[in-house]
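Before any comments, here is the structure.
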Amino acid sequence: MVEALSPEQAVQRLTPDDNLAIALGPAHPVGFLHALGTRDDWSGLEVAGALLTDLYEVFTKPGVRFRSGFFGPAERFLRDSGANIEYVPADFRRFGPIVQATAPRVMATATAPPDAHGNLSFSLHAGATMDEFHRAGADPDRVLVAEYSDKYPRTVGLPPKYPHALHVDEVDILIHSDAAPVDLADADGTDADRKIAQFAEEFIPDGATLQTGIGAIPSLIATGLAEGSGGGYGVHSEMFTNGLMRLYKAGKVTNDHKGEFDGFSVTTFAAGTPELYEWLDNNEDVRFLPVDVVNDSRRIAANRHFISINGATAVDLFSQVAADTIAGQQHSGTGGHEDFVAGAGLELEDRSLLCLRSSSGAGENRISRIVPNLAPEMLVTTPRHQVDVIITEYGCAELSGLTVRERAEALVGIAHPDFRDELAETASEIG
Numbered sequence: 117m118v119e120a121l122s123p124e125q126a127v128q129r130l131t132p133d134d135n136l137a138i139a140l141g142p143a144h145p146v147g148f149l150h151a152l153g154t155r156d157d158w159s160g161l162e163v164a165g166a167l168l169t170d171l172y173e174v175f176t177k178p179g180v181r182f183r184s185g186f187f188g189p190a191e192r193f194l195r196d197s198g199a200n201i202e203y204v205p206a207d208f209r210r211f212g213p214i215v216q217a218t219a220p221r222v223m224a225t226a227t228a229p230p231d232a233h234g235n236l237s238f239s240l241h242a243g244a245t246m247d248e249f250h251r252a253g254a255d256p257d258r259v260l261v262a263e264y265s266d267k268y269p270r271t272v273g274l275p276p277k278y279p280h281a282l283h284v285d286e287v288d289i290l291i292h293s294d295a296a297p298v299d300l301a302d303a304d305g306t307d308a309d310r311k312i313a314q315f316a317e318e319f320i321p322d323g324a325t326l327q328t329g330i331g332a333i334p335s336l337i338a339t340g341l342a343e344g345s346g347g348g349y350g351v352h353s354e355m356f357t358n359g360l361m362r363l364y365k366a367g368k369v370t371n372d373h374k375g376e377f378d379g380f381s382v383t384t385f386a387a388g389t390p391e392l393y394e395w396l397d398n399n400e401d402v403r404f405l406p407v408d409v410v411n412d413s414r415r416i417a418a419n420r421h422f423i424s425i426n427g428a429t430a431v432d433l434f435s436q437v438a439a440d441t442i443a444g445q446q447h448s449g450t451g452g453h454e455d456f457v458a459g460a461g462l463e464l465e466d467r468s469l470l471c472l473r474s475s476s477g478a479g480e481n482r483i484s485r486i487v488p489n490l491a492p493e494m495l496v497t498t499p500r501h502q503v504d505v506i507i508t509e510y511g512c513a514e515l516s517g518l519t520v521r522e523r524a525e526a527l528v529g530i531a532h533p534d535f536r537d538e539l540a541e542t543a544s545e546i547g
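Residue numbers (this note's numbering): 117 to 547.
As structure tokens, then:
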């Protein structure tokens, strides 16, 4: 039988030596996680999750380890401050099998408030852990915690196969809090970002189906399309963003002729501003589906004129792409990056756009982000055989079908002018 507890009462149900799993950032049970930080008796608390949205005190405590599948600013800050934060290499789809194999004793998630039938919408996250939440709820030896708040939107899946909800009868501990989802405003774009966005828009025809990642450049692209003359777009995107909402509000999204998911957008999680969350509430134009559906490469390729838009931290002359490490340290994670690059490469009409500024820093401290070879400073996120278009503020390098030599020449051509001669000489030496 479900127990209605406060966050402080709920965390007392964990033992000092326990295993807890939480889903990706927008699904974090905020009140519950903050309450964990009020305890000082942890001797071996293992927490699995990804993309922390706050600096939870529990992760600074001795005896606590956080295993993260995707680093954000909070993970980086905690790691650099000495907290026991470790990265688990896995793309988003593999989060599911990993948590199923480990079967943590406690599973906790944020939800929308229960409806008249006792259903708790998973709200802003479907992701890779939905099945494990149901399994935990059905297992008498495990504990399922659901924290609901009136500030979380009620979103929908695609029933009956993808209901996107828990029933209160499945839950062991039900927490009512006043927590709000993360407020993620769009990053301010630079002049270089605006040039990159303009180049990217040239690849997007009317009627294209779009996937956009997080950051200033995808936001600028979505805003440019919203303000432009085109339209008839579809959305099939791992993440639903403020920019995609603006595209909808501009009347530019119709989701016609997408194939399997005609008539609505599909996503597996959302993060943005309170305006986005209010717009998503009871909005059946956007369906939240598990990541193994949304990020399935064949389903991605089935969309008409699919355009994938993502970022990178560096690309080398062999066209290997780094997107989750910087200077030898974990910066973010694999996520669904490779799924969408791969899916966009299966049909002639589809394109994958990887966008990055040509350099970082300024003056004597300027560093090229097009490099001779990623190793050893960065690790490969996307292998060269999947890469299609690389875009910097100096132009576009369309790499699919080119030889290794031709790829290097194209990448030198969009590098920062300060580094082109050096890169060209290095490419010649490499042969």
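Beta carbons are placed, not taken as given, at the ideal position from N, Cα and C, and that holds for glycine.
Residue i to residue j span [Cα, whole Å]
| i | j | result |
| --- | --- | --- |
| T384 | R482 | 37 Å |
| G347 | M361 | 14 Å |
| P123 | Y268 | 17 Å |
| A315 | A332 | At residue 315 the sequence reads Phe, which differs from the Ala that was named. Going by the C-alpha atoms only, they are around 14 Å apart. |
| D299 | R415 | 31 Å |
| L336 | L363 | 11 Å |
| N371 | G449 | 29 Å |
| P220 | A137 | 6 Å |
| I507 | I442 | 19 Å |
| A526 | R209 | 33 Å |
| G305 | A120 | 45 Å |
| E354 | V409 | 10 Å |
| A151 | V180 | 14 Å |
| T176 | V402 | 37 Å |
| L167 | A126 | 23 Å |
| G461 | G444 | 29 Å |
Where residue i falls, given that 16 or more other Cβ within 10 Å makes a residue buried
| i | result |
| --- | --- |
| F193 | exposed |
| I291 | buried |
| A295 | buried |
| D133 | exposed |
| H501 | exposed |
| T154 | exposed |
| K368 | buried |
| E522 | exposed |
| E541 | exposed |
| S468 | buried |
| P145 | buried |
| T357 | buried |
| H373 | exposed |
| M117 | exposed |
From the options, residue whose alpha carbon lies closest to that of residue i
| i | options | result |
| --- | --- | --- |
| A286 | M223, D322 and V503 | Note that residue 286 is Glu in the sequence shown, not Ala. The residue with the shortest Cα to Cα distance from E286 is M223. |
| D378 | H352, N135 and V127 | H352 |
| S265 | M246, T271 and T227 | T227 |
| L490 | R183, A430 and Q502 | A430 |
| L515 | D504, E525 and S544 | D504 |
| T497 | H283, Q125, A458 and Q327 | A458 |
| F249 | R270, N200, H280 and P275 | H280 |
| I284 | A199, A338 and E263 | Sequence check: residue 284 is Val here, not Ile. Comparing Cα positions, the closest option is E263. |
| P492 | G160, A120 and D432 | D432 |
| E465 | N419, R210 and D440 | N419 |
| T328 | P275, S345 and A386 | A386 |
| R183 | M246, L140 and G147 | L140 |
| P321 | I214, K277 and Y349 | Y349 |
| R310 | L472, D534, P142 and I546 | L472 |
Counterpart residues of residue i in DSSP-defined beta bridges
| i | result |
| --- | --- |
| P230 | L236 |
| I214 | Note: I214 sits in no beta bridge, so no partner. |
| E514 | V505 |
| R473 | Looking at the DSSP assignment, R473 forms no beta bridge with any residue, so it has no partner. |
| A355 | Here the sequence assigns Met to residue 355, which means Ala is not the residue at that position. Partner(s): F385. |
| D299 | G388 |
| Q436 | Bridge partners of Q436: none, in fact. |
| L527 | The partner list for L527 (beta bridge, DSSP) is empty, contrary to what the question assumes. |
| R467 | I423 |
Where the beta strand (DSSP E) through residue i begins and ends
| i | result |
| --- | --- |
| F182 | V180 to S184 |
| Y364 | First-last for Y364: N358 to K365, but that is the alpha helix (DSSP H), not the beta strand (DSSP E). |
| Y264 | V259 to Y264 |
| H292 | I289 to H292 |
| I138 | N135 to L140 |
| F422 | F422 to G427 |
| V402 | V402 to F404 |
| E113 | The structure shown has nothing for residue 113, since the chain only spans 117 to 547. |
Residue i - containing alpha helix (DSSP H), residue span
| i | result |
| --- | --- |
| D432 | Looking at the DSSP string, D432 is not in any alpha helix (DSSP H); the run it does join, the beta strand (DSSP E), is A430 to D432. |
| A540 | R536 to I546 |
| G253 | M246 to A254 |
| S335 | A332 to E343 |
| G165 | G165 -> not in any alpha helix (DSSP H); beta strand (DSSP E) instead, spanning L161 to A166. |
| V410 | V407 to V410 |
| F315 | D307 to E317 |
| A199 | Unbroken run through A199: none, as it is neither H nor E. |
| H150 | V146 to L152 |
Below-7 Å beta-carbon distance, residue i vs any chain B residue
| i | result |
| --- | --- |
| A428 | In the structure shown, chain B cannot be found, because there is only a single protein chain. |
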